[in-house]
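Sequence order for the protein chains is S and Z.
For the first sequence, my numbering assigns the number 100 to the initial residue and increments by one for each residue that follows.
For the second sequence, my numbering assigns the number 5 to the initial residue and increments by one for each residue that follows.
Just so you know, even glycine gets a beta-carbon here, dropped at the ideal spot from N, CA and C.
Quick caveat: nothing in here was measured; it's all calculated off a predicted structure.
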Amino acid sequence: GAVVSQHPSWVICKSGTSVKIECRSLDFQATTMFWYRQFPKQSLMLMATSNEGSKATYEQGVEKDKFLINHASLTLSTLTVTSAHPEDSSFYICSARTRVTRSDTQYFGPGTRLTVL
Amino acid sequence: QKEVEQDPGPLSVPEGAIVSLNCTYSNSAFQYFMWYRQYSRKGPELLMYTYSSGNKEDGRFTAQVDKSSKYISLFIRDSQPSDSATYLCAMIKAAGNKLTFGGGTRVLVKP
Numbered sequence: 100g101a102v103v104s105q106h107p108s109w110v111i112c113k114s115g116t117s118v119k120i121e122c123r124s125l126d127f128q129a130t131t132m133f134w135y136r137q138f139p140k141q142s143l144m145l146m147a148t149s150n151e152g153s154k155a156t157y158e159q160g161v162e163k164d165k166f167l168i169n170h171a172s173l174t175l176s177t178l179t180v181t182s183a184h185p186e187d188s189s190f191y192i193c194s195a196r197t198r199v200t201r202s203d204t205q206y207f208g209p210g211t212r213l214t215v216l
Numbered sequence: 005q006k007e008v009e010q011d012p013g014p015l016s017v018p019e020g021a022i023v024s025l026n027c028t029y030s031n032s033a034f035q036y037f038m039w040y041r042q043y044s045r046k047g048p049e050l051l052m053y054t055y056s057s058g059n060k061e062d063g064r065f066t067a068q069v070d071k072s073s074k075y076i077s078l079f080i081r082d083s084q085p086s087d088s089a090t091y092l093c094a095m096i097k098a099a100g101n102k103l104t105f106g107g108g109t110r111v112l113v114k115p
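Encoded structure:
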């Protein structure tokens with residue numbers, strides 16, 4: 100149980116185009132979804148947190164107009180990288196939180212590798 | 005100073021050895037502790053989740069939490085080459101808060 104999927108697993112696009120990444124919790128309802136970015140040999144950097152039906156909360160330094168997050172349902176969140184540029188090339192990982200007894204457990208998707216040419 | 009410190013490694017051990025990983029943290033407000041395993045170009049996979057001080061065992065994995073010393077550990081017994089990955093510690097201050105990650109330790113188990 101507690102499976103999170105992401106689509107696509109990798110994408111190559113031209114500079115200036117927009118790319119949408121989907122994140123789904125397959126067998127549970129996620130109270131909250133998170134989007135992370137990871138550079139090679141570095142830890143995960145939280146970009147934003149979203150709750151179903153409400154606006155995402157972005158971390159300091161993350162451009163909300165560039166990284167659009169839509170959390171349409173308890174099982175689906177999307178990240179759209181608008182007008183992508185080579186510096187946006189990275190590994191993007193989503194995570195979904197479910198509630199276990201008194202505490203929260205967070206499960207991660209397999210990641211999406213974005214390469215902007 | 006980072007809130008959570010983790011040696012980046014790499015940590016190289018022979019197959020069958022015990023892998024010992026640890027993290028230290030500075031804020032006593034952290035209450036929930038997790039260990040994730042991440043293979044190259046994959047998302048992190050939750051290995052262990054602990055709340056209280058003490059030991060928790062699951063198969064070959066043992067997680068230890070010492071809140072008085074602000075120190076957590078993960079031990080992997082009978083290590084296998086398939087255990088070669090980056091191991092991330094993570095913690096949260098209260099239910100509903102954001103995860104704070106360590107930088108990750110790269111582990112290499114040699115056959």
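Euclidean distance between Cα positions of Gln-128 of chain S and Ser-149 of chain S: 13 Å
Could you please give me the residues that DSSP links to Lys-60 of chain Z through a beta bridge? Z:Ala-67
Whose Cβ in chain Z lies nearer than 8 Å to the Cβ of Arg-212 of chain S? Arg-45
Can Leu-51 of chain Z and Tyr-40 of chain Z be called in contact, C-beta distance under 8 Å? yes
Is the CB of Leu-167 of chain S under 8 Å away from at least one CB in chain Z? no
So Tyr-91 of chain Z is in the beta strand (DSSP E); what residue range does that whole segment cover? 89 to 96
Beta-carbon gap between Ser-189 of chain S and Val-103 of chain S smaller than 8 Å: no
DSSP three-state label for Ser-86 of chain Z, please. helix
Just confirm the distance between the C-beta atoms of Gly-47 of chain Z and Ile-192 of chain S, as a whole number of angstroms; I'd bet it's less than 8 Å. Confirmed, Cβ separation roughly 5 Å.
In angstroms, rounded to a whole number, what distance separates the CA positions of Gly-20 of chain Z and Arg-81 of chain Z? 7 Å
Sort out for me which residues DSSP pairs Phe-133 of chain S with in a bridge. Within the DSSP secondary-structure output, Phe-133 of chain S pairs in a beta bridge with S:Thr-148 and S:Ser-194.
Within chain Z, the residues that Ile-192 of chain S reaches when beta carbons sit closer than 7 Å: Within 7 Å Cβ-Cβ: Gly-47.
Counting only beta-carbon atoms, is Tyr-53 of chain Z nearer than 8 Å to chain S? yes
Closer than 8 Å, CB to CB, is Phe-65 of chain Z near chain S or not? Not one chain S Cβ lies under 8 Å of Phe-65 of chain Z.
So, does the CB of Phe-37 of chain Z fall closer than 8 Å to a CB anywhere in chain S? no
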